[in-house]
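Protein chains: 2
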Amino acid sequence: MPTLGIDLGGTFVRAAVVDAKGALISSAKAAVMDRKPQGVVETIAQAAEEAVKRAGVKVDGCGVGAAGQIHKDTGVISVAPNLGWRNVPLGEMLKTRLGYGVKVVNDLSAAAWGELHAGAGRGAQDMLVVFVGSGVGSAIIAGGRLVNGAGGVAGELGHIKVVPGGRLCGCGEHGCLEAYAGGHNLIAQTKELLATGSSRILESLVYDDPDSITPVTLEKAANMGDAGAKEIHERAAQFVAVAVANQVTMLNPARLLLGGGVLAHCPGIRQRVLDGVQAWASQTSREGLLVADAELGDDSGIIGAALLAA
Amino acid sequence: MPTLGIDLGGTFVRAAVVDAKGALISSAKAAVMDRKPQGVVETIAQAAEEAVKRAGVKVDGCGVGAAGQIHKDTGVISVAPNLGWRNVPLGEMLKTRLGYGVKVVNDLSAAAWGELHAGAGRGAQDMLVVFVGSGVGSAIIAGGRLVNGAGGVAGELGHIKVVPGGRLCGCGEHGCLEAYAGGHNLIAQTKELLATGSSRILESLVYDDPDSITPVTLEKAANMGDAGAKEIHERAAQFVAVAVANQVTMLNPARLLLGGGVLAHCPGIRQRVLDGVQAWASQTSREGLLVADAELGDDSGIIGAALLAA
Chain A
210 MPTLGIDLGG TFVRAAVVDA KGALISSAKA AVMDRKPQGV VETIAQAAEE AVKRAGVKVD
270 GCGVGAAGQI HKDTGVISVA PNLGWRNVPL GEMLKTRLGY GVKVVNDLSA AAWGELHAGA
330 GRGAQDMLVV FVGSGVGSAI IAGGRLVNGA GGVAGELGHI KVVPGGRLCG CGEHGCLEAY
390 AGGHNLIAQT KELLATGSSR ILESLVYDDP DSITPVTLEK AANMGDAGAK EIHERAAQFV
450 AVAVANQVTM LNPARLLLGG GVLAHCPGIR QRVLDGVQAW ASQTSREGLL VADAELGDDS
510 GIIGAALLAA
Chain B
210 MPTLGIDLGG TFVRAAVVDA KGALISSAKA AVMDRKPQGV VETIAQAAEE AVKRAGVKVD
270 GCGVGAAGQI HKDTGVISVA PNLGWRNVPL GEMLKTRLGY GVKVVNDLSA AAWGELHAGA
330 GRGAQDMLVV FVGSGVGSAI IAGGRLVNGA GGVAGELGHI KVVPGGRLCG CGEHGCLEAY
390 AGGHNLIAQT KELLATGSSR ILESLVYDDP DSITPVTLEK AANMGDAGAK EIHERAAQFV
450 AVAVANQVTM LNPARLLLGG GVLAHCPGIR QRVLDGVQAW ASQTSREGLL VADAELGDDS
510 GIIGAALLAA
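Residue numbers (our numbering), protein chains in the order written: chain A, 210 to 519; chain B, 210 to 519.
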């Protein structure tokens, strides 16, 4: 029977009815106006009911993918930074409201599960999915199962330390991979560079609008020979490449999937990651390794969440 | 019913009969004289039969822990450097000789399984075991299951790259953690330092016998203020500490076990690892984390192998 998949973001809720093979039957979207748990439950329920109505089928079970730290067995969201939540029993609340079983998982885990069953991971049992977008994250599948970790936060690739004591990260710690290579931080570093007044090439690309800067601007400036931009770009690419290569060595996946806006739109960084895996993952761990791009885009999480509830 | 556990090394085979709770009932040891697969099978069988005779009980099933790359489903040893083997179907050969089921696993996986069920890992579902001895390795338990990886080589912590392009490792690649922090390489680096003639303190500890050098010698020289020794020691400790902290961030284990001769006998390095996990593992990943020493010593592998076959 089809199931519901929910993608719970900080500003929007997306709901979709998904069949057992991971195909989207219908979807609906609603804005999160009231961020209090009861308000969000209501928003989810409305989007869910709309999606079910559009699909015109009966559904059984609902999976929710949400950014944050989640207890997989209880469906309690320990921390959801986007929503400012701590210890919200979303699974129970939503179950009461919807009337059927609800499974809550981390958004990247949901995305990886979607790719595993309906995307670029089909057929793999051991997989590492790396996302470099505004943040940096990953999800691990081992022996066909999600690796959640004891507290539900396994896969925090963005918060491994690449420069102990280094650049301050949004998480409050220093020297995290994300502080150097996440999209938000690539932009921040590019703005810092611009503010020094030393980068003519970067200035020529940005004119007087620093807010137009994206990671693509950085890569463009680096490719045009801007020394400062090159340094930021190189460092970020190298840190991601070594980190991913080292996780391939540790986890020995059959498949490595790459996703997220930075990897999709900055081919220079993406290529460095591909080269890095070949150069630095241990020889035995990369035998038989297939590297591919995640292929479901924004739908991966919603499909994965639905399939996890099936 | 009790099972047999086999610890297959390059020079000795140990066999033990182990009960369902992981207690050793009896054991036997035999030297590996003939390293050809058929010869090793015979040596294993003799040790196994001796252990069974001493136990005076019937056994059902046999687990083998061996250093190398092993296909968990088939029991084929793809590569066993100690024995010079490639693609040896040890599981099948031993099954034919012994007359009951045989499971072959990596030696560190066996050791982690032993600690999980009968040692310092009891009660944990998610665990990382790190061994720093002559080499550096690890084993991962996620959701109560061993993470083997697609090719059976997950957990190769010793071969993550800490200095891309750096010091040559025994594996033939450059810049591996093991090349800086494995016991063999700590000794090699200490000998290199001694050969420069610049380290009086080290010289005073070694006299004229470089072959007496162990990782403990290095730590002693570092503690006495030898600048060169300090550098090698600090660098190794820092690399291990960051690597372990980063794996805690990625895997979010409930328990981290430390084992191996270097961590057992060099308290300075061990302490740096403990401090590093506190300083550098992401805050969410170390909530509820328990760090402990592996407690079964040399028996962990044999017990784990037996329990895997139960």
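All residues carry an ideal CB built from backbone N, CA and C; glycine is no exception.
Unbroken alpha helix (DSSP H) run spanning residue i, endpoints
i, result
"A/Leu-516", "509-517"
"A/Gly-526", "There is simply no residue 526 of chain A to check, as chain A begins at 210 and stops at 519 in what is shown."
"A/Gln-252", "Before going on, a small fix: residue 252 of chain A reads as Thr here, not Gln. Segment 246-264, the alpha helix (DSSP H) holding A/Thr-252."
"B/Val-471", "470-474"
"A/Ser-413", "409-415"
"B/Ser-494", "492-495"
"A/Val-273", "Not the alpha helix (DSSP H): A/Val-273 falls in the beta strand (DSSP E), residues 271-275."
"B/Val-425", "424-432"
Residues near residue i in its chain [Cβ-Cβ closer than 7 Å; skip 5 each side]
i, result
"B/Cys-475", "Pro-424, Val-425, Glu-428"
"A/Leu-414", "Thr-426, Lys-429, Ala-430"
"B/Thr-458", "Ala-490, Ser-491, Ser-494"
"A/Gln-398", "Ile-441"
"B/Leu-499", "Ala-463, Arg-464"
"B/Cys-380", "His-368"
Beta-carbon contacts of residue i that lie in its chain and below 6 Å, excluding the five residues immediately before and after
i, result
"B/Ala-348", "Leu-317, Ser-318, Ala-321, Val-338, Gly-364"
"A/Cys-378", "Cys-385, Glu-387, Ala-388"
"A/Asp-502", "Leu-467"
"B/Val-482", "Val-449, Ala-450, Val-453"
"B/Thr-252", "Val-222, Ala-239, Val-241"
"A/Trp-294", "Ile-286"
"B/Arg-263", "Ser-235"
"A/Gly-310", "Gly-270"
"A/Ala-518", "Thr-212, Gly-270, Cys-271, Gly-272, Lys-312"
"B/Ala-276", "Asn-291, Asp-316"
Limits of the unbroken beta strand (DSSP E) element including residue i
i, result
"B/Asn-296", "294-297"
"B/Asp-502", "499-502"
"B/Asp-216", "212-217"
"B/Lys-312", "311-315"
"B/Lys-238", "233-240"
"A/Ala-289", "285-289"
"A/Leu-377", "Neither: A/Leu-377 is in no beta strand (DSSP E) and is coded neither H nor E."
"A/His-280", "278-280"
"A/Leu-337", "336-341"
"B/Gly-392", "No beta strand (DSSP E) holds B/Gly-392; the alpha helix (DSSP H) holding it covers 392-404."
"B/Val-227", "221-227"
"A/Ala-351", "345-351"
Interface partners of residue i on chain B, CB under 7 Å
i, result
"A/Ala-351", "Ala-351, Val-356"
"A/Ile-369", "Asn-455, Thr-458, Met-459"
"A/Val-451", "Lys-370, Pro-373"
Anticipated Cβ contact below 8 Å, residue i with residue j, distance rounded
i, j, result
"B/Ala-260", "B/Ser-287", "Wrong, their Cβ atoms sit about 27 Å apart, outside the cutoff."
"B/Gln-278", "B/Gly-361", "6 Å"
"B/Gly-367", "B/Gly-346", "5 Å"
"A/Gly-272", "A/Ala-515", "5 Å"
"B/Gly-358", "B/Asn-432", "38 Å between Cβ atoms; not a contact."
"A/Asp-216", "A/Gly-274", "6 Å"
"B/Leu-505", "B/Val-341", "Actually they do not touch by this definition, with Cβ atoms about 17 Å apart."
Listed by chain order, chain B residues near residue i by CB distance under 8 Å
i, result
"A/Trp-294", "Residues of chain B passing the Cβ test: none, with the nearest at roughly 14 Å."
"A/Ala-390", "In chain order: nothing, as chain B lies at least about 14 Å away."
Chain-ordered chain A contacts of residue i [CB-CB under 7 Å]
i, result
"B/Gly-364", "Met-459"
"B/Asp-335", "Gly-358, Ala-359"
"B/Gly-497", "Ala-359, Gly-360"
"B/Trp-489", "Lys-370, Pro-373"
Contact list for residue i against chain B, beta-carbon separation under 9 Å
i, result
"A/Thr-283", "Within chain B, no residue comes near A/Thr-283; the closest Cβ sits about 15 Å away, beyond 9 Å."
"A/Gln-492", "His-368, Cys-380, Gly-381, Glu-382"
"A/Ala-256", "Here the premise fails: no neighbours, minimum Cβ distance about 29 Å."
Cut-off 8 Å between Cβ atoms - residues of its own chain near residue i, not counting five sequence neighbours on either side
i, result
"B/Val-297", "Pro-246, Val-285, Ile-286, Ala-289"
"B/Val-268", "Met-210, Pro-211, Thr-212, Leu-213, Val-226, Val-261, Tyr-309"
"B/Leu-233", "Ala-225, Val-226, Val-227, Asp-508, Ile-511, Ile-512"
"A/Ser-408", "Leu-402, Ala-430, Asp-435, Ala-436, Gly-437, Ala-438"
"B/Lys-400", "Pro-419, Ile-422"
Closer than 8 Å to chain D by CB, residue i
i, result
"B/Gln-278", "Considering every chain present, this structure includes no chain D. Its protein chains are A and B."
Neighbouring residues, chain A, relative to residue i (Cβ below 8 Å)
i, result
"B/Pro-462", "Gly-358, Ala-359"
For the 8 Å Cβ check, are there 3 or more pairs between the region 484-492 of chain A and the region 386-394 of chain B?
Segments in contact, no.
Is there contact here, the region 301-310 of chain A with the region 330-337 of chain A, by at least three beta-carbon pairs under 8 Å?
Segments in contact, no.
Pairing CB atoms from the region 499-514 of chain A with CB atoms from the region 322-332 of chain A, are three or more of them under 8 Å?
The region 499-514 of chain A makes contact with the region 322-332 of chain A: 3 or more CB pairs, one atom from each, lie closer than 8 Å.
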